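Just so you know, we're using this note's numbering here: the sequence shown kicks off at 16 and counts up by one. Using N, Cα and C, we set each Cβ at its ideal position, and we do this for glycine too. Note that the structure is predicted; figures quoted are calculated from it, not measured.
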Amino acid sequence: MIHRIKIFIMSLWVTFFYWGLSRTWRMKEMGLPLGPNSGNPKLYAHWHGDELLLVAISIRKNMAIMASRSSDGELMKRVLGFLGYRVVRGSSSRGGAGGLKGLIDVMKTGKYHSSLAVDGPRGPIYRVKPGILKLAQETGLPIIPAAAWASKKFIFKRSWNQCYLPLPFSKCIVWYGDPMLVPANVTDEEFEKLRRTLELRMQSLKTEVENYFEVPQKGFIKHSEFIPSGV
Numbered sequence: 016m017i018h019r020i021k022i023f024i025m026s027l028w029v030t031f032f033y034w035g036l037s038r039t040w041r042m043k044e045m046g047l048p049l050g051p052n053s054g055n056p057k058l059y060a061h062w063h064g065d066e067l068l069l070v071a072i073s074i075r076k077n078m079a080i081m082a083s084r085s086s087d088g089e090l091m092k093r094v095l096g097f098l099g100y101r102v103v104r105g106s107s108s109r110g111g112a113g114g115l116k117g118l119i120d121v122m123k124t125g126k127y128h129s130s131l132a133v134d135g136p137r138g139p140i141y142r143v144k145p146g147i148l149k150l151a152q153e154t155g156l157p158i159i160p161a162a163a164w165a166s167k168k169f170i171f172k173r174s175w176n177q178c179y180l181p182l183p184f185s186k187c188i189v190w191y192g193d194p195m196l197v198p199a200n201v202t203d204e205e206f207e208k209l210r211r212t213l214e215l216r217m218q219s220l221k222t223e224v225e226n227y228f229e230v231p232q233k234g235f236i237k238h239s240e241f242i243p244s245g246v
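Following this line, the structure appears as structure tokens:
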């Protein structure tokens, strides 16, 4: 009981801190195609280290995500719940199969987008795990590769995923790649080829976005006024 109270209080504090910090950021998206079907559900694939930025981008996207069953996952579930996310419990290391099935069921309602850290929860960094491809197979939804970066940030250099937190008043960019479909019936060899293709696309996208702020950039919008594309 005491532990639950501590988690609840901590989650309120983290939510308040994150919301206040992210409101100072300036946001920009690139690469996501617009059109009559742009609001249809999608599966966004991102690297684990980009998550602290992407949470702010996705707040208004009606997003369903998966959180681990660990104590850290409980804190994450509460924080993201306060921010408006639909959270399903499970990960690739603890309760993953059940969590993935739960996320599949949620996605089949047609009400949500989803975003998965494809190299989480324990790495290796920048290596795509098969979960998001299985999710795409089961739902028929396209995978949209995504990479993010910030003009000013604190990098947690001791973390395996090189996670970073944008500093106050940072410019934040999210860059999307071309969508990928995963057919329901593919051989193991074809599945691995698709996994590797997604991995290479995401690695290339990450390299591009990390070079984005080498020259001055314009067109950023206050987070309070930002409306994400593809909603």
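Taking 8 Å as the cut-off, the beta carbon of I158 is found closer than this to the beta carbon of L58. Beta-carbon to beta-carbon, P160 and A79 are separated by about 19 Å, too far to satisfy the 8 Å threshold.
R38 carries a coil assignment under DSSP once its states are collapsed to helix, strand and coil. Assignment of K92 by DSSP, reduced to helix, strand and coil, places it in the helix class. In the displayed model, M16 falls within coil according to three-state DSSP, outside both helix and strand. Within the segment 168-241, the alpha helix (DSSP H) runs of at least 4 residues that lie entirely inside it are, in chain order, 203-225.
A direct Cα-to-Cα measurement between V70 and K21 gives close to 23 Å. Your pair P243 and I72 checks out as a contact, with CB atoms roughly 6 Å apart and the cut at 8 Å. Proximity of the segment 114-126 to the segment 137-150 meets the contact definition, three or more beta-carbon pairs being nearer than 8 Å. Within the same chain, P183 come within 7 Å of L36 by CB-CB distance, once the 5 residues on both sides are set aside. Excluding its 5 nearest sequence neighbours in each direction, V224 has C-beta neighbours in its own chain below 7 Å: A162, A163, W164, I188, W190, listed in chain order. In this structure, F241 lies away from S166, with their beta-carbon atoms at least 8 Å apart. In the DSSP assignment, W62 is bridged to no other residue. DSSP, reduced to helix, strand and coil, places S166 outside both helices and strands of the structure shown, so it counts as coil.
For K221, the closest alpha carbon among the candidates R41, W34, K43, G64 is that of G64. Under the three-state reduction of DSSP output, S73 falls in the helix class.
DSSP, read as helix, strand or coil, puts V121 in helix.
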